[in-house]
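Data block below; observations after.
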Amino acid sequence: MQLIPQPQVAAPPPSDRQILTLDVGGMKCAGCVKAVETALLQQPGVVAATVNLMTEMALVEAEPAGVDGPSLAIALTEAGFPAQLRGATGAADPLQETPAERHQREARERLGQLAIACTLLFLSGLGHLSAFGLVLPGLSNIWFHAALAALALLVPGRSMVIDGWRGLRRGAPNMNTLVSLGALTAYSVSLVALLWPALGWECFFDEPVMLVGFILLGRTLEQQARSQATASLQSLAALQPSTARKIPASGGDLSGQTAMLLPAEHVAVGDWLLVLPGDKIPVDGEVVLGQTTVDESMLTGESDPILRQAGDLVAAGTVNQTGAIALRATRTGKDTTLAQIIALVETAQTRKAPIQRIADTVAGYFTYGVLTLALLTFGFWYFIGLPLWQDSIAISGVREIGLGMAHTAHLAPAGLSGGMLEMAEMPEMAERGELYAASPSPLLLSLKLAIAVLVIACPCALGLATPTAILVGSSLGAERGLLIRGGDVLEKARSLRTIVFDKTGTLT
79 MQLIPQPQVA
89 APPPSDRQIL
99 TLDVGGMKCA
109 GCVKAVETAL
119 LQQPGVVAAT
129 VNLMTEMALV
139 EAEPAGVDGP
149 SLAIALTEAG
159 FPAQLRGATG
169 AADPLQETPA
179 ERHQREARER
189 LGQLAIACTL
199 LFLSGLGHLS
209 AFGLVLPGLS
219 NIWFHAALAA
229 LALLVPGRSM
239 VIDGWRGLRR
249 GAPNMNTLVS
259 LGALTAYSVS
269 LVALLWPALG
279 WECFFDEPVM
289 LVGFILLGRT
299 LEQQARSQAT
309 ASLQSLAALQ
319 PSTARKIPAS
329 GGDLSGQTAM
339 LLPAEHVAVG
349 DWLLVLPGDK
359 IPVDGEVVLG
369 QTTVDESMLT
379 GESDPILRQA
389 GDLVAAGTVN
399 QTGAIALRAT
409 RTGKDTTLAQ
419 IIALVETAQT
429 RKAPIQRIAD
439 TVAGYFTYGV
449 LTLALLTFGF
459 WYFIGLPLWQ
469 DSIAISGVRE
479 IGLGMAHTAH
489 LAPAGLSGGM
499 LEMAEMPEMA
509 ERGELYAASP
519 SPLLLSLKLA
529 IAVLVIACPC
539 ALGLATPTAI
549 LVGSSLGAER
559 GLLIRGGDVL
569 EKARSLRTIV
579 FDKTGTLT
């Protein structure tokens with residue numbers, strides 16, 4: 079942990095290494111993080127790669143001149159994770175959308191999908207009103223619910239199904255893989271029960287509708303929380319002004335100077351700039367004409383304005399207060415002190431705490447574990463569980479049928495021998511043991527339990543908890559003038575007992 083400012087705040091990489099930063103999209107869980115890191119490490123010349131799910135950023139350490147940044151971005155994009163080199167210009171692909179544009183597009187798509195999913199979920203819920211004596215024609219029809227489930231999978235759930243299949247095909251299953259397998263299996267079993275009612279299986283078309291709706295709702299809330307968590311860093315970046323006033327280099331006074339307005343990123347080292355009272359200083363520079371006071375609190379924490387005159391240095395993002403000055407640019411773009419602070423904070427957010435490395439390692443294999451557990455669950459109940467406890471399951475099934483008959487009547491496929499059992503017949507038939515035929519089939523029961531394992535498993539929380547804490551902590555710290563060099567520093571800070579500041583007055 080260190081306090082700012084420092085003349086060079088960015089931590090320099092080893093002399094024989096280069097550091098590349100990539101914006102990476104398409105990541106949904108820690109399994110995706112592992113897939114991105116694996117894809118990067120497979121590229122020639124890459125020594126290390128660290129990926130942050132919250133900030134959607136990858137930090138790559140590579141051999142000098144051994145790795146081409148755009149080629150890494152292309153490799154990730156081909157692997158299903160749209161990527162772009164941080165700070166790259168549009169010359170390589172003018173049609174490529176920026177990360178900000180991608181986030182806006184994804185947010186619009188997510189809200190549209192959520193609206194459709196909520197509508198389908200509402201219509202599906204109306205079919206259950208028959209349990210309270212309110213029968214709505216058509217809404218209680220099993221074919222209507224089959225259509226709702228199909229729409230849920232084809233419209234709002236389409237992207238999840240496609241992404242889940244792609245992840246499974248490339249050997250990197252993710253959260254979408256689990257959700258898709260659960261929803262598709264539930265729909266397929268229900269469709270078989272609907273088309274072949276003689277099997278005696280129940281239909282549960284509501285499951286795909288509810289699963290897609292709740293998953294989309296959770297992801298929308300997650301994205302909003304992520305945006306709020308990054309607000310502090312965005313406010314820090316907003317301190318950098320977007321324009322500058324360029325003037326001819328001269329030794330005269332500032333009166334009568336004609337300034338040309340240009341984007342701040344187009345300022346070159348050595349250019350002379352005019353900064354008026356109230357303006358934010360656009361680049362790091364040296365005052366060459368004029369005298370003023372500058373508010374440097376965002377950089378140093380010093381609340382009192384600082385007198386600056388010819389020969390003094392000023393930093394980008396600080397505020398000129400009392401007088402007009404001319405300055406000569408000494409550092410521009412990503413080389414300014416403010417840009418280096420932002421870069422250092424972003425790098426710190428990517429550095430993993432030891433506990434996060436453990437969580438990411440576990441979460442990276444979590445999906446495989448869930449798939450294996452679902453298969454074991456199916457095998458156990460199909461071959462061992464149901465034959466072993468058939469009598470108990472049958473009696474329990476009778477009780478559940480008796481309690482939930484009115485609730486699930488609209489999900490019973492027509493054509494079952496004699497139709498649904500009458501509620502009044504349940505107690506007498508149970509006493510005579512005549513409802514053992516109503517016990518679930520081994521295949522149906524095993525599938526239901528395996529589906530339950532798939533849909534309740536979520537590696538997202540495991541992979542998001544620690545990065546979220548580091549993101550919020552480092553962003554708020556930077557906003558208050560405190561640079562935290564990474565999650566490992568935060569984890570060590572809990573053991574601090576005493577801090578000694580060798581300074582009086584304002585800490586800088």
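Under my numbering, the letters of the sequence shown match residues 79 to 586, in that order.
Ideal Cβ placement from N, Cα and C applies to all residues, glycine included.
Predicted model only: the values in this text are computed from it and were never measured.
Apart from the five residues just before and just after residue i, which ones in its own chain have a Cβ nearer than 7 Å to its Cβ?
{"i": "L229", "result": "L198"}
{"i": "Q335", "result": "I325, L352"}
{"i": "L289", "result": "V257, G260, A261, V533"}
{"i": "T408", "result": "V347, D362, G363, E364"}
{"i": "V233", "result": "I194"}
Is it right to say residue i is buried, meaning 16 or more other beta carbons lie within 10 angstroms of its own, or is it exposed?
{"i": "R386", "result": "buried"}
{"i": "H604", "result": "In the structure as shown, the chain starts at 79 and stops at 586, and residue 604 therefore has no counterpart that could be examined."}
{"i": "W221", "result": "exposed"}
{"i": "F200", "result": "exposed"}
{"i": "I436", "result": "exposed"}
{"i": "I577", "result": "exposed"}
{"i": "A327", "result": "exposed"}
{"i": "F159", "result": "buried"}
{"i": "P545", "result": "buried"}
{"i": "V213", "result": "exposed"}
{"i": "K106", "result": "buried"}
{"i": "A571", "result": "exposed"}
{"i": "W274", "result": "exposed"}
{"i": "F579", "result": "exposed"}
{"i": "L272", "result": "buried"}
{"i": "W612", "result": "Nothing can be reported for residue 612, as the shown portion of the chain is limited to 79 through 586."}
{"i": "G109", "result": "buried"}
{"i": "A127", "result": "buried"}
{"i": "G296", "result": "exposed"}
Answer yes or no: do residue i and residue j have a C-beta to C-beta separation smaller than 8 Å?
{"i": "Q301", "j": "L416", "result": "no"}
{"i": "K412", "j": "A421", "result": "yes"}
{"i": "A225", "j": "L269", "result": "no"}
{"i": "T255", "j": "T445", "result": "yes"}
{"i": "T455", "j": "V531", "result": "yes"}
{"i": "A227", "j": "F292", "result": "no"}
{"i": "L549", "j": "M132", "result": "yes"}
{"i": "V111", "j": "V129", "result": "yes"}
{"i": "Q191", "j": "D101", "result": "no"}
{"i": "A195", "j": "L294", "result": "yes"}
{"i": "V366", "j": "L391", "result": "no"}
{"i": "L464", "j": "L523", "result": "yes"}
{"i": "E364", "j": "G348", "result": "no"}
{"i": "V632", "j": "S202", "result": "There is simply no residue 632 to check, as the chain begins at 79 and stops at 586 in what is shown."}
{"i": "A346", "j": "T410", "result": "yes"}
{"i": "L137", "j": "T378", "result": "no"}
Pull up the DSSP beta-bridge partners for residue i, would you.
{"i": "W350", "result": "I325, R406"}
{"i": "N252", "result": "Note: N252 sits in no beta bridge, so no partner."}
{"i": "D373", "result": "V397"}
{"i": "E139", "result": "I97, A126"}
{"i": "A161", "result": "V102"}
{"i": "D362", "result": "R409"}
{"i": "M338", "result": "K324"}
{"i": "D386", "result": "The sequence shown places Arg at residue 386, not Asp. Answer by DSSP bridge pairing, in chain order: T370."}
{"i": "L232", "result": "Bridge partners of L232: none, in fact."}
{"i": "L299", "result": "Note: L299 sits in no beta bridge, so no partner."}
{"i": "Q391", "result": "One point to set straight first is that residue 391 is Leu, not Gln, in the sequence displayed. Its beta-bridge partners are E364."}
Can you list, in chain order, the residues of its chain whose CB lies under 6 Å from that of residue i, leaving out five sequence neighbours each side?
{"i": "A157", "result": "A117"}
{"i": "Q96", "result": "A140, P142"}
{"i": "G245", "result": "P251, N252, T255"}
{"i": "S519", "result": "none"}
{"i": "A315", "result": "I420"}
{"i": "V267", "result": "L525"}
{"i": "E280", "result": "none"}
{"i": "E285", "result": "A264"}
Excluding the five sequence neighbours on either side, which residues of its own chain have a C-beta within less than 8 Å of the C-beta of residue i, listed in chain order?
{"i": "T321", "result": "L339, L340, P341, A342, P360"}
{"i": "G551", "result": "I562, L568"}
{"i": "V125", "result": "R95, E139, A140, E141"}
{"i": "R180", "result": "G103, P160"}
{"i": "P432", "result": "D566, E569"}
{"i": "A402", "result": "L332, L352, V353, L354, P355, G368, T370"}
Does the beta-carbon of residue i, which I'm using as the reference point, lie nearer than 7 Å to any heavy atom of the ligand SAM?
{"i": "K430", "result": "In terms of ligand content, the structure shown is empty, and the ligand SAM therefore cannot be addressed."}
Query raised in the report: Taking three-plus beta-carbon pairs below 8 Å as touching, is the region 113-122 in contact with the region 145-157?
Result: yes
**Report entry** Stretch-stretch touch, CB-based, cutoff 8 Å, three pairs: the region 396-413 with the region 356-372
**Finding:** yes
Report task. For the region 398-407 and the region 351-365, state whether three or more C-beta atom pairs, one from each stretch, are separated by less than 8 Å. Result -> yes
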